[in-house]
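Trainee:
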Amino acid sequence: MNDLIAHLLVLLGAAVPWFELFVVPPAIALGLNPVIVAFLGNTAVSFAAIAGSARLLAWWERRRGRPIGSGSAGQRGRKAFERFGVPGLALQGPFLSGMYFAVLFSVLLGAPRRSVALWTVASNALWTVALAVGTVAGVGVLT
């Protein structure tokens, strides 16, 4: 497979919510550096979500006529946000809600964008490295 196509596939896979976890092992199998490729793909889309959150918030309020987080499901989400904050949402992002939903939820509930960006980068870096180490260790055990 062409290197450019392989890199693009991993970048695109890292941009899909919940699938972002599953691009590290194929990246390693293709001989790519997943710490860079998967991390950059996921972080770039997360930053785009942070940048577009103001427009999304305005759209939501126009469409629903109320602020985000004011319904019953929003109240549960707001409680989780108040309990765990931006670090908790960022660290659980790849597994439970998808990183982009965690990012949007944090920003839309009033977290500072700089803090969300910092925790997003930290979470993406941590999970990418952990998955890469786990994949390499697993392959080492199997071979």
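Position 102 (the sequence shown) corresponds to 102 in the UniProt record's numbering; numbering is contiguous. Ideal Cβ positions, reconstructed from N, Cα and C, are used throughout, including at glycine.
1. In terms of residue numbering, what span does the alpha helix (DSSP H) encompassing Asn-124 cover?
2. Determine, using beta carbons only, whether Ala-111 and Val-86 come nearer to each other than 8 Å.
3. Are the Cβ atoms of Val-2 and Glu-20 separated by less than 8 Å?
4. When DSSP labels each residue in this structure, what does Trp-18 get in the three-state scheme?
5. Between Ala-15 and Val-45, how many whole angstroms is the CB-CB distance? I'm expecting something under 8 Å.
6. In angstroms, rounded to a whole number, what distance separates the CA positions of Val-129 and Val-139?
7. Is it right to say Thr-120 is buried, meaning 16 or more other beta carbons lie within 10 angstroms of its own, or is it exposed?
8. Among the residues of its own chain, which have a CB less than 8 Å from the CB of Leu-12, if the five just before and after it don't count?
9. Under DSSP, the alpha helix (DSSP H) around Arg-55 begins and ends at which residues?
10. Please name the residue, chosen from Arg-55, Phe-84, Pro-25, Leu-108, that lies closest to Ala-137 on a Cα-to-Cα basis.
11. Which first and last residues belong to the alpha helix (DSSP H) in which Pro-26 is found?
Mentor: On the basis of the supplied data:
1. The sequence position of residue 124 within the sequence shown is 124, counting from 1. Its alpha helix (DSSP H) spans residues 113-142.
2. Position 111 of the sequence shown, counting from 1, holds the residue named residue 111. Position 86 of the sequence shown, counting from 1, holds the residue named residue 86. Result yes, Cβ atoms of Ala-111 and Val-86 sit closer than 8 Å.
3. Walking along the sequence shown from the start, residue 2 turns up at place 2. Walking along the sequence shown from the start, residue 20 turns up at place 20. In the sequence under discussion, the amino acid at residue 2 is Asn, which differs from the Val named in the question. Cβ distance not < 8 Å, so Asn-2 and Glu-20 don't count as in contact.
4. As a first step, residue 18 must be located in the sequence shown, where it is residue number 18. DSSP places Trp-18 in coil when its eight states are reduced to three.
5. Stepping through the sequence shown from its first residue, residue 15 is reached at position 15. Stepping through the sequence shown from its first residue, residue 45 is reached at position 45. Confirmed, about 4 Å.
6. By 1-based counting over the sequence shown, the position of residue 129 is 129. By 1-based counting over the sequence shown, the position of residue 139 is 139. Note on geometry: alpha-carbon atoms of Val-129 and Val-139 lie some 15 Å from one another.
7. Here the question's residue 120 lines up with position 120 in the sequence shown. So Thr-120 counts as buried.
8. Sequence index remark: in the sequence shown, residue 12 carries index 12 (1-based). Answer for Leu-12: Gly-41, listed in chain order.
9. As a first step, residue 55 is located in the sequence shown; it is residue number 55 there, counting from the start. If you look at Arg-55, you'll find it in the alpha helix (DSSP H) that goes 34-64.
10. Against the sequence shown, residue 137 aligns to sequence position 137. Taking only the C-alpha atoms, the option nearest Ala-137 is Pro-25.
11. For the purposes of this step, residue 26 is taken as the residue at position 26 of the sequence shown. Per DSSP, the unbroken alpha helix (DSSP H) holding Pro-26 starts and ends at 24-29.
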